[in-house]
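In what follows, a structure is listed as structure tokens, so that the remarks can point back to it.
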Amino acid sequence: MSPSRDPRTTEDPVTAGITSLRPLVPGVYLPSLLFEIGVGAVLPMIPVIASSLGADLGTAAFIAALLPIGHILADVPAGALAARFGDRAAMIGSSGAAVIGAVLAGLSGVTGSLAMLAIGVLLLGATEAVYGLARQSYLTEAVHPLRRARAMSTLGGVHRIGLFIGPFAGAGLALVAGSSAAFWLAGATSLAAAAVVFSTAEIAGERAPTGGAGRASMAQVLRDNREVFATLGVAILLIGAVRGARQVVLPLWTESLGYSPAATSLVFGIAGAVDMLLFYPAGKVMDRLGRLWVAIPSMIVMGLTLLALPLATTFASICVIAVVLGFGNGIGSGILMTLGADTAPAEQRSQYLGIWRVFADSGSATGPLIVSAGAAAGSLAAGIMAVGVLSAGTVAALARWVPRWSVHANRRTRREAGIEPGAP
Numbered sequence: 000m001s002p003s004r005d006p007r008t009t010e011d012p013v014t015a016g017i018t019s020l021r022p023l024v025p026g027v028y029l030p031s032l033l034f035e036i037g038v039g040a041v042l043p044m045i046p047v048i049a050s051s052l053g054a055d056l057g058t059a060a061f062i063a064a065l066l067p068i069g070h071i072l073a074d075v076p077a078g079a080l081a082a083r084f085g086d087r088a089a090m091i092g093s094s095g096a097a098v099i100g101a102v103l104a105g106l107s108g109v110t111g112s113l114a115m116l117a118i119g120v121l122l123l124g125a126t127e128a129v130y131g132l133a134r135q136s137y138l139t140e141a142v143h144p145l146r147r148a149r150a151m152s153t154l155g156g157v158h159r160i161g162l163f164i165g166p167f168a169g170a171g172l173a174l175v176a177g178s179s180a181a182f183w184l185a186g187a188t189s190l191a192a193a194a195v196v197f198s199t200a201e202i203a204g205e206r207a208p209t210g211g212a213g214r215a216s217m218a219q220v221l222r223d224n225r226e227v228f229a230t231l232g233v234a235i236l237l238i239g240a241v242r243g244a245r246q247v248v249l250p251l252w253t254e255s256l257g258y259s260p261a262a263t264s265l266v267f268g269i270a271g272a273v274d275m276l277l278f279y280p281a282g283k284v285m286d287r288l289g290r291l292w293v294a295i296p297s298m299i300v301m302g303l304t305l306l307a308l309p310l311a312t313t314f315a316s317i318c319v320i321a322v323v324l325g326f327g328n329g330i331g332s333g334i335l336m337t338l339g340a341d342t343a344p345a346e347q348r349s350q351y352l353g354i355w356r357v358f359a360d361s362g363s364a365t366g367p368l369i370v371s372a373g374a375a376a377g378s379l380a381a382g383i384m385a386v387g388v389l390s391a392g393t394v395a396a397l398a399r400w401v402p403r404w405s406v407h408a409n410r411r412t413r414r415e416a417g418i419e420p421g422a423p
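Residue numbers for the sequence shown follow numbering that gives the first Met the number 0, beginning at 0 and rising by one.
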């Protein structure tokens, strides 16, 4: 079968786009921080509120899972919405819809309705997907390709910072006004994010929304890019699986060894803090040396660390594992968004990125399932190590397919494309 498109033919001219991140602060990074603080505030409260409304552990876990389920369900529609109405409009609209979701979930504590909580959480997940897609597409459009990785990794860093701050803000409010207050905070931060985006001038060069004219259907985008998704898309799914597993292995392993919830939270916080510190250096390396210089080391470090985790039985050794795991994930900050931006066709950008995010989000959901399958079979260690082994396949897939589809894979691919290493 002939290729669905020629490899490495989607890159915009390297003379296009802004080269400083400063203009992006008011219109992208600040509202993104506000939005993610709200999401971070509600994450730990969802199962708490569900349990207080009478849900058993299984039901509470399902309602919490509706947030990532909302991501996956909304990824493809998010691409279509951003293509039709524009990225800024999608950011504003999704922020407004997030307010509705937060209000519904917050009112569940008053009405005692689990269904209302579930609908609110699902809507929050869906709006986060639309918002995330729109800001990724916005940066892809506005930023110079040789500054793209820094822009995307900074966005990933802002996401991490928001999710780090949010639980503390939500916990403080919960002490004063109850668990449902976290949802009121999420509504307020979403509204503030919409207001900031609305009041910020558009960045020069942003492509206008297509409306209904000339807009490619999702089926056409999938057909035109089928080989990319069948190759590099699989690598993206695998990265998502390894990263998704990272979020559950530390708390599950510490709990299985009998450590207290406070100790578990400390370990998770250590990993998150290390992760948070590395986003800008990661982007700088990707811009200077190429995407593979970050993607492959990230997967190697995370894979080896996951393989070593079942050997850690003392609190000190688990903390060391947490630091290394956070380092491995941190140096890969922004890689999924950057590769998506590198390979997105200019005239199908939003729709393409919507499908791209389905692969990433599906992987994020798959990783924890692999770990839980091992635990259900009687060996949590086996589930953790299975994901560690999976990272080896991820490394192989990245090494094989990133140079085929991205001119920014490494210095060699840039030279072949005639891109000067010192530009812009």
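Built from N, CA and C at the ideal position, the CB exists for glycine as well. Fair warning: this is a prediction, and the values are worked out from it, not measured in the lab.
Which value, in whole angstroms, describes the spacing of the CA atoms of residue i and residue j?
i      : j      : result
Val98  : Ala416 : 45 Å
Arg290 : Ile164 : 29 Å
Arg399 : Ala234 : 9 Å
Ser349 : Gly111 : 39 Å
Val300 : Ala261 : 27 Å
Ser363 : Ala240 : 5 Å
Phe267 : Gln219 : 42 Å
Asp360 : Ser152 : 17 Å
Leu256 : Ile269 : 18 Å
Leu33  : Pro76  : 23 Å
Leu379 : Arg356 : 28 Å
Ala385 : Phe61  : 24 Å
Ala176 : Val293 : 43 Å
Ser107 : Thr58  : 15 Å
Leu52  : Arg134 : 35 Å
Ala212 : Arg83  : Note that Ala212 scores 44 on pLDDT, short of 50, meaning its location in the model is unreliable; the coordinates nonetheless yield the value given after this. Going by the C-alpha atoms only, they are around 9 Å apart.
Gly373 : Pro43  : 24 Å
Leu231 : Ala391 : 15 Å
Leu113 : Ala63  : 12 Å
Ser1   : Leu338 : Low per-residue confidence applies at Ser1: pLDDT is 42, beneath 50, and the placement is therefore not dependable, though the value from the model is reported in the following sentence. Taking the straight line from one Cα to the other gives about 23 Å.
Asn328 : Lys283 : 16 Å
Pro250 : Gly100 : 28 Å
By alpha-carbon positions, which one of the options ends up nearest to residue i?
i      : options                        : result
Ala229 : Ser255, Ala396, Ala307         : Ala396
Gln347 : Ala79, Gly373, Gly289          : Ala79
Leu123 : Pro67, Thr18, His407, Pro367   : Pro67
Leu474 : Ala281, Gly325, Leu65, Leu249  : The shown model of the chain, from 0 to 423, leaves out residue 474, and the question about it has no answer.
Gly366 : Val247, Ile17, Ala191          : Val247
Pro30  : Leu52, Met90, Phe61, Ser50     : Met90
Glu35  : Ala141, Leu190, Ala376, Arg21  : Leu190
Ala307 : Val319, Ser297, Pro296         : Val319
Gly105 : Phe61, His158, Ala49           : Ala49
Ile17  : Glu140, Ala244, Ala128         : Glu140
Met275 : Ala345, Val322, Ser94, His407  : Val322
Thr263 : Ala272, Val273, Trp252         : Trp252
Ile295 : Thr393, Arg146, Leu265         : Thr393
Leu221 : Ala244, Tyr351, His143         : Tyr351
Trp183 : Ala170, Ala194, Val195         : Ala170
Glu226 : Ser297, Ala192, Ala343, Arg287 : Ala343
Can you say whether residue i is buried or exposed, counting buried as having 16 or more other CB atoms within 10 angstroms of its CB?
i      : result
Leu174 : exposed
Glu201 : exposed
Ser178 : buried
Asp55  : exposed
Thr304 : buried
Leu310 : exposed
Val370 : buried
Gly377 : exposed
Ser259 : exposed
His407 : buried
Arg87  : buried
Which whole-angstrom value is the C-beta distance of residue i and residue j, which I expect to be below 8 Å?
i      : j      : result
Met336 : Leu72  : That pair is no contact at about 20 Å.
Val120 : Ile238 : The Cβ separation is near 26 Å, so there is no contact.
Ala81  : Ser19  : Wrong, their Cβ atoms sit about 24 Å apart, outside the cutoff.
Gly302 : Gly382 : Incorrect: roughly 14 Å between the Cβ atoms, too far for contact.
Gly156 : Phe326 : Not a contact, Cβ separation roughly 14 Å.
Ser332 : Ala272 : Actually they are not in contact, since the Cβ atoms of Ser332 and Ala272 sit about 14 Å apart, beyond 8 Å.
Asp74  : Leu132 : 7 Å
Say yes only if the C-beta of residue i is nearer than 6 Å to one or more non-hydrogen atoms of the ligand HEM, and no if none qualify.
i      : result
Ile118 : Ligands in the displayed structure: none, and consequently the ligand HEM is not present.
- Item | Uninterrupted alpha helix (DSSP H) stretches inside the region 93 to 169 (no shorter than 4 residues) | 113 to 141
| said: What ranges does the alpha helix (DSSP H) occupy inside the region 21 to 108, keeping only unbroken runs of at least 4 residues that lie completely in it? | reply: 29 to 41, 44 to 51, 56 to 84
For this session: Go through the region 266 to 348 residue by residue and report every complete run of the alpha helix (DSSP H) that reaches 4 residues or more, in order.
Result: 278 to 288, 291 to 307, 314 to 329, 334 to 342
Exercise. Quick one: complete alpha helix (DSSP H) runs, 4+ long, within the region 341 to 410?
Worked result: 348 to 375, 379 to 404
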